Amino acid sequence: MATDVITLITRDHRKVEELFARLKSGKGDQSATVAELHALLTAHARAEEDRVYPGIDAHHGLEEHKEAEVLLDALVRARPGTQEFRETLEKLADSVSHHVEEEESELLPKLARQSGAKRLEELGEAFAQRRDEELRALDGPLSGATKAELYEQAQKADIPGRSQMDKEELEQALRQSAS
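Pasting the structure below:
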């Protein structure tokens, strides 16, 4: 599997596009998809800002990350199915799409021209490590917990229906009870 930074960044972009499509379709657990989108976009942006952007002129990219962060926070607060949710989702998707297009047509080709294959691999490793650190931090205390541990936490939090929940449902219920 390719581990150069350009491949890793564009792979994240495709995953974000999939999440937007799922949200726009209204299918599946919208709250869980928003949480997944929030975690991925936040971790991706921080990894780019900390490990990739310092080596290139990416001031505009930083501004776009800040704009997306504000819209992402608004989406997290909006209730799925509401007009506010749909409008915020549309604004966020447009903002991220614009950023991805610029990044893939300007910034990443520039990075490829300025860096050799070895440097792109080094940046890829640094990007992936930073992104994974952020994902673990955003996942919080539930990350890596067994189903039994999650059930015990759900019992302490007095979450109804916990005995019928699978591991993912327990994680989601615990996250919702914490917010």
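Be aware that the sequence shown starts at 745, since it is given in our numbering, and climbs by one per residue.
Glycine included, every Cβ here is placed at the ideal spot set by N, Cα and C.
For clarity, every value in this text was computed on a predicted model and none was experimentally measured.
Whole-angstrom C-beta distance between Thr777 and Leu882, which should lie under 8 Å:
Rounded, the Cβ-Cβ distance is 15 Å, inconsistent with contact.
Which of the three DSSP states is assigned to Asp773 in this structure?
coil
Going by C-alpha distance, which of Asp910, Leu914, Glu893 is nearest Ile903?
Leu914
Per-residue DSSP class, three states only, for Pro853:
helix
In the structure shown, what three-state DSSP assignment does Arg906 receive?
helix
For the structure I just gave you, are there three or more beta carbon pairs, one from the region 746-753 and one from the region 851-867, closer than 8 Å?
yes
For Leu918 and Gln897, the rounded distance between their alpha carbons
8 Å
Grab me the residues of Leu763's own chain with a C-beta within less than 8 Å of its C-beta, minus the 5 sequence neighbours each way, in chain order.
Thr777, Glu780, Leu781, Leu784
Using a Cβ-Cβ cut-off of 7 Å (strictly less than) and excluding sequence neighbours within five positions of Leu752, which residues of its own chain qualify?
Gly868, Phe871, Ala872
Where does Ala901 sit, in a helix, a strand or coil, going by DSSP?
coil
Selection from His842, Glu847, Ala837 that minimises the alpha carbon distance to Ala765:
Ala837
Does the distance from the CB of Leu833 to the CB of Leu894 come in under 9 Å?
no
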